[in-house]
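Since the structure comes first, as structure tokens, the remarks are kept for the end.
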Amino acid sequence: MSDQLPPPAVGVIHDIGYRHYDGPRLGRFAIAQALTVSSLRHAYGLGRSGKSKVMPLLLLAVMVVPVAIMVGIENALDFDNPPLSQMRYIFFLQAVIALYLASQAPQLFSRDLRYRSIVLYLARPLRRTDYALAKLSALVLALMVLMGLPMVILYAGALLAKFNFTLMTKEFLSGLVTALLLSILLAAIGGLIAAATPRRGFAVAAIIAVLIVSFTAVIVVTAILDPEGTHRSVASRYANLGSPFSLVEVLSTFILRGGGDWVPSTSEGLVFAAVYVAVVGICSWGVNARYAKVARG
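Counted the way my numbering counts, the sequence shown spans residues 731 to 1027.
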């Protein structure tokens, strides 16, 4: 009887259909651009399940449908002036904007953390700063769509109603500037909160709490400090720093020199601008630092 051992097993590489690629490889910018576009699509449920489309599209409809009705009424009744300012419209529906941010920021920032797919992104040439900026940019663009589309409809309706072209164009551009300022600030705040926890429910609740509670606190404090609503109290003016919405409203009024209940002085405007830049910078740095922690493992 032979004691000969069987030959050792030899590994076999199976061809499962992958094709070798020898062409040019795209760099960091192209990867970040693709991630931004993909994230923007996901912010409105495109490329996702039908259930994921319900909330963003419903909130977009809430922003757009009243404007469409308003445009029809102002054209049918031949108004002399538009019934609503384009710049003020976004502040009337700030609760809708807050709900949109709370529902979509966790989708963009928390999902990759929860499923650990962020590690795959950072294993590529894409750096953590590129990833953070791509996600923040996508959220800014998504918020701009949410706020900008109603403004476009209002502007088109004003032109159809033959209101003053120069005045309406100036108001439209002012509204876009305000929407951009608000989108950047909200994206930075919402992105930081959503990136802080992989738990979607916690992020949604925290974003709603920060936005709604802060704005309610500003209203209460302002009413106490300035019960007559004259805006003469310096303390009541600076109380508007406590909410992202009131902060942007005052800052846009300072930049555009009009459109709000009161126009801040140069010193007040510079304070609001400094706080705005500081909040955006700190929150953006916080998002980047959060992903740096993930990259280190």
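Glycine is no exception: its CB is placed at the ideal position from the N, C-alpha and C atoms.
Distance CB(residue i)-CB(residue j) smaller than 7 Å
i: L981; j: A828; result: no
i: V1010; j: A868; result: no
i: A864; j: A762; result: yes
i: P835; j: A924; result: According to the sequence shown, residue 835 is Ala rather than Pro. Contact flag set, yes.
i: M877; j: I799; result: no
i: A969; j: V943; result: no
i: G921; j: L873; result: no
i: M1055; j: S904; result: Outside the shown range of the chain, which is 731 to 1027, sits residue 1055, and nothing can be said about it.
i: L911; j: P974; result: no
i: S840; j: R758; result: no
i: I972; j: F984; result: Correcting the residue type first, residue 972 is Gly in the shown sequence and not Ile. Against a cut-off of 7 Å, the Cβ pair of F984 and G972 comes out as no contact.
i: E804; j: A891; result: yes
i: I937; j: L831; result: yes
i: P928; j: R844; result: yes
i: L879; j: V794; result: yes
i: R858; j: A1022; result: yes
Of the listed residues the options, nearest to residue i (C-alpha basis)
i: S768; options: Y861, Y1021, R929 and L788; result: Y861
i: V870; options: M881, A909 and S973; result: A909
i: L787; options: V801, V797 and H772; result: H772
i: V797; options: A825, D808, P812 and M785; result: P812
i: L889; options: D808, R755, D991 and W1015; result: D808
i: F932; options: G887, K892 and S833; result: S833
i: A842; options: L765, I1012, A1008 and A965; result: Checking the sequence, you will find Asp at residue 842 rather than Ala. When only C-alpha atoms are compared, the closest one is L765.
i: H961; options: A760, V993, R987 and A935; result: V993
i: S1090; options: D956, I883 and L776; result: Examination of residue 1090 is not possible in this model, given that the chain is present from 731 through 1027 alone.
i: L770; options: V1017, Y1006, L838 and S782; result: L838
i: A1003; options: L977, S847 and Q824; result: L977
i: D991; options: Y1006, A806, V950 and G959; result: G959
i: Q824; options: L790, K900, S779 and I1012; result: L790
Boundaries (first-last residue) of the alpha helix (DSSP H) holding residue i
i: G921; result: F895 to A926
Nearest-angstrom Cβ-Cβ length linking residue i and residue j, presumed shorter than 8 Å
i: V784; j: V826; result: Rounded, the Cβ-Cβ distance is 15 Å, inconsistent with contact.
i: S966; j: T952; result: 5 Å
i: V801; j: G887; result: 3 Å
Next item on the list: Could you name each continuous alpha helix (DSSP H) segment of 4 residues or more that falls completely within the stretch 810 to 867, going from the start of the chain to the end?
Entry: Counting whole runs of 4 or more residues, the stretch 810 to 867 contains the alpha helix (DSSP H) stretches 816 to 822, 824 to 839, 841 to 844 and 848 to 852.
Checklist line | Ranges of the beta strand (DSSP E) found wholly within the stretch 743 to 815, counting only runs of at least 3 | finding: The beta strand (DSSP E) runs lying completely inside the stretch 743 to 815 and spanning 3 residues or more number zero.
Checklist line | Within the stretch 930 to 996, ranges of the alpha helix (DSSP H) (whole runs, at least 4 residues) | finding: 930 to 938, 944 to 955, 964 to 968 and 974 to 986, all fully within the stretch 930 to 996.
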